[in-house]
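What follows is a single structure, written as structure tokens, with notes after it.
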Amino acid sequence: MGAKLQVKDLSKSFGDLQVLRDMNFTVAEHEFVAIVGPSGCGKTTLLRTIAGIETPDAGAVIIDGKPIKGPGADRGFVFQQDSLLPWRTIWKNLVFGLEVNGRLNEANLADAKKLLQLVGLSGFEHFYPNQISGGMRQRVNLARALALNPEVLIMDEPFSALDAQTREMMQLELLRIWQRGRKTVLFITHQIDEAVFLADRIVVLGRRPGWVKETIPIDLPRPRDLTVKRTAKFGAYVDQVWSLIENDVRASIVEDAQLPAA
Amino acid sequence: MIEQAAEAGASAAAKAGPAAATSKRKPRRSPVLYWTSTASVVGGLLLWEFAGRFIVKKALFLTTPTQIVEATINLIAAGELQRHIIASGTEFIIGLVLAIVLGIAIGFAMASDRYAKRALGPWVAAFYATPTIAISPLIILWAGIGIWSKVIVVVINAVFPMIINTEAGLRSTDKQLIEAARCFGCNRLQVFWKVSLPSAVPFLFAGMKLSIGRALVAVVVAELFGSRAGLGFLLLQASDAFNMPLLFVSVVILAVSGMVLTWLVGVAERLLMPWRYTSEQE
Chain A
1 MGAKLQVKDL SKSFGDLQVL RDMNFTVAEH EFVAIVGPSG CGKTTLLRTI AGIETPDAGA
61 VIIDGKPIKG PGADRGFVFQ QDSLLPWRTI WKNLVFGLEV NGRLNEANLA DAKKLLQLVG
121 LSGFEHFYPN QISGGMRQRV NLARALALNP EVLIMDEPFS ALDAQTREMM QLELLRIWQR
181 GRKTVLFITH QIDEAVFLAD RIVVLGRRPG WVKETIPIDL PRPRDLTVKR TAKFGAYVDQ
241 VWSLIENDVR ASIVEDAQLP AA
Chain B
1001 MIEQAAEAGA SAAAKAGPAA ATSKRKPRRS PVLYWTSTAS VVGGLLLWEF AGRFIVKKAL
1061 FLTTPTQIVE ATINLIAAGE LQRHIIASGT EFIIGLVLAI VLGIAIGFAM ASDRYAKRAL
1121 GPWVAAFYAT PTIAISPLII LWAGIGIWSK VIVVVINAVF PMIINTEAGL RSTDKQLIEA
1181 ARCFGCNRLQ VFWKVSLPSA VPFLFAGMKL SIGRALVAVV VAELFGSRAG LGFLLLQASD
1241 AFNMPLLFVS VVILAVSGMV LTWLVGVAER LLMPWRYTSE QE
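Those protein sequences? They're chains A and B, same order as listed. Note that my numbering gives residue 67 to position 67 of the first sequence, counting from 1, and the numbers run on in steps of one. Note that my numbering gives residue 1204 to position 204 of the second sequence, counting from 1, and the numbers run on in steps of one.
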């Protein structure tokens, strides 16, 4: 399998603070990779660099063999639920990416309609984000990213603001949608069990500066449903990831207590 | 990916039809609550009329609503009231429009350029807090007693809330939204038009409401200091002649204008910010 997305020798500092150090990992075509790390692992900087709104000091982000130069529609982003524009209706939010990239043609709009159906929100076109639930907002977020038909889908803690039950349902929904077309996905999360449940591989990051500690392939059969979460194998994966980041998380808690401003 | 998946989504769509999630809460208004404002106003007027007829009696100290209505009718019949309203209204509208346009432009400059912010910041802060109405005699002295001196007074009183609110609105745009827009490939201009400006609209309305209030006061006070027509002029004339009903004609018209303008802004808010007036889901 060829690498669809490659993060190569990525380093970035802000002043004296090194945030990323020689970060290396790849995401193969049709692969679902989750990134897990403690706070301070440079996840925000990594994300901004992949988005092309931050330039690395060294290294590159490579998509289909070409280093990226700035933002582009080859990457689709799903953020936390509040990244929908509150003054736009669901439909207007959905086509936002197409609009700003000058791709509001008939074929794309027809595809966007199908996407709305795919995420189960047909009939909600004229609603505003504050009229629908958090889970529904996240479906719109997902559809908005898919509307650009990106090469890689990058999801930044998309379910972190949802309650536990909605989160589980959204994980299932995401797998259902992903199973159809198998987009290349890079999924960033704090939830270890979420990462194990969703991903083909988990990239575990260390902190200060951010670096790749270990990559763990998740060998659980697909399609997965929620019963997977109760198997011994699932628990073993969660323990394995947790043991890798446990010390870092402790360190970050101590540090946060000392530096409340940070 | 999309084509293959469309039929799979149909089932999910059926599960969650619009009706399931809308729950449009229409607050049930009780008829008593609905008429409370009207009853309050009518009751107050009756009390006033009663006090003026049976307790104070002297029209010089307390005029009554009926006397005010009478004075108003006489004034309209003489063609005087229209003249004063048009004079004040013209000054008010020109001044307010100028203040809003200037305020948005200066607020935008301060929000987007560090040098502009540094250069203009101290002036705006100083003038915003000062009762600039106090320098209106000076303006009359400089610009004469015609319409333009009043327009200038209105502008220097009404422009500052507009500047401050525009700047605050543009600055307070959710960083997450800007970041998301940039990730989707928005350039700086698109971020401004599609994210910052719409998100500042509620602030612009807040600034406008303050500006309208200040502009109304400014028109009247400026006319008191020197004019040939207008509601302030009428007010001064009436008080010089101890004609209380006439004085109150002007006061009532100003009060009603304030109410009508506030209502108009409310209507505009609903039209321009429909997302703020839709039912929220818990």
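Where a beta carbon is used, it is the ideal one built from N, C-alpha and C, also for glycine.
- Interface residue (Cβ-Cβ distance to chain A less than 8 Å): Phe1203(B) is not classified as such.
- If you check the CB distance, Ala1218(B) and Ile1133(B) come in under 8 Å.
- In this structure, the beta-carbon distance from Leu104(A) to Val95(A) falls below 8 Å.
- For Gln18(A), the enclosing beta strand (DSSP E) has its first and last residue at Leu17 to Ala28.
- Taking 8 Å as the cut-off, the Cβ atoms of Tyr237(A) and Trp1275(B) do not count as close.
- Cβ atoms of Val228(A) and Ile192(A) stay farther apart than 8 Å, at about 14 Å.
- Of the candidates Val100(A), Leu116(A) and Ala143(A), the residue whose Cα lies closest to the Cα of Val1191(B) is Val100(A).
- In terms of beta-carbon proximity, Ala107(A) stays away from the interface with chain B, with every pair separated by 8 Å or more.
- Against Val100(A), the close residues of chain B are Ala1181, Phe1184, Gly1185, Cys1186, Gln1190 and Lys1194, in the order they occur along the chain (beta-carbon pairs closer than 8 Å).
- In the pairwise beta carbon analysis, the segment 1199-1212 of chain B is classified as not touching the segment 155-166 of chain A: fewer than three pairs are separated by under 8 Å.
- In chain order, Thr1064, Pro1065 and Thr1066 place their CB closer than 8 Å to the CB of Glu1049(B), counting only its own chain and leaving out the 5 sequence neighbours on each side.
- By the rule that beta-carbons nearer than 8 Å mark a contact, Leu1060(B) does not touch chain A.
- Between the alpha carbons of Thr1090(B) and Leu1138(B) lies a gap of roughly 21 Å.
- The C-beta of Met1273(B) comes closer than 8 Å to at least one C-beta of chain A.
- If you check the CB distance, Ile188(A) and Met155(A) come in under 8 Å.
- Around the beta carbon of Pro71(A), a 10 Å sphere encloses 16 or more other beta carbons of the protein chains shown; the residue is thus reported as buried.
- By the criterion of a C-beta distance shorter than 7 Å, Thr49(A) is surrounded in its chain by Leu10, Lys12, Pro56 and Val61, once the five residues flanking it on both sides are discounted.
- The straight-line gap separating the alpha-carbon atoms of Ala1116(B) and Ala3(A) is approximately 48 Å.
- Contact check for Val1159(B) and Leu1102(B): beta-carbon distance about 5 Å, within the 8 Å limit, so the pair qualifies.
- In the structure shown, the three-state DSSP call for Phe1248(B) is helix.
- Ile35(A) sits close to Val203(A), with the two beta carbons spaced by under 8 Å.
- The beta carbons of Met1244(B) and Leu1060(B) sit closer together than 8 Å.
- Within chain A, the C-beta atoms nearer than 9 Å to that of Leu1177(B) come from Asp82, Ser83, Leu84, Leu85 and Pro86, in chain order.
- Annotation for Ala58(A): the continuous beta strand (DSSP E) segment containing it runs Ala58 to Ile63.
- In this structure, DSSP gives Pro86(A) a state outside helix and strand, which the three-state scheme calls coil.
- DSSP lists Val36(A) and Glu214(A) as the bridge partner or partners of Val204(A).
- The continuous alpha helix (DSSP H) containing Asp1240(B) extends over residues Leu1231 to Asp1240.
- Residue contact check for Ile188(A) against chain B: no CB pair falls below 8 Å.
- Nearest in C-alpha terms to Pro86(A), of all of Met1208(B), Val1195(B) and Arg1182(B), is Val1195(B).
- Here Ser1040(B) is exposed, its C-beta having fewer than 16 other C-beta atoms within 10 Å.
- Contact between the segment 165-183 of chain A and the segment 216-230 of chain A is present: 3 or more CB-CB pairs across the two stretches fall below 8 Å.
- In the three-state reduction of the DSSP assignment, Pro221(A) falls in the coil class.
- Judged by beta-carbon spacing, Val212(A) lies within the 8 Å limit of Met23(A), meaning their Cβ atoms are closer than that value.
- For the C-beta of Ala161(A), not a single chain B residue is nearer than 8 Å; the gap to the nearest is close to 11 Å.
- DSSP places Pro1137(B) in the helix class (H, G or I) of the three-state scheme.
- The Cβ atoms of Ala143(A) and Leu115(A) lie closer than 8 Å to each other.
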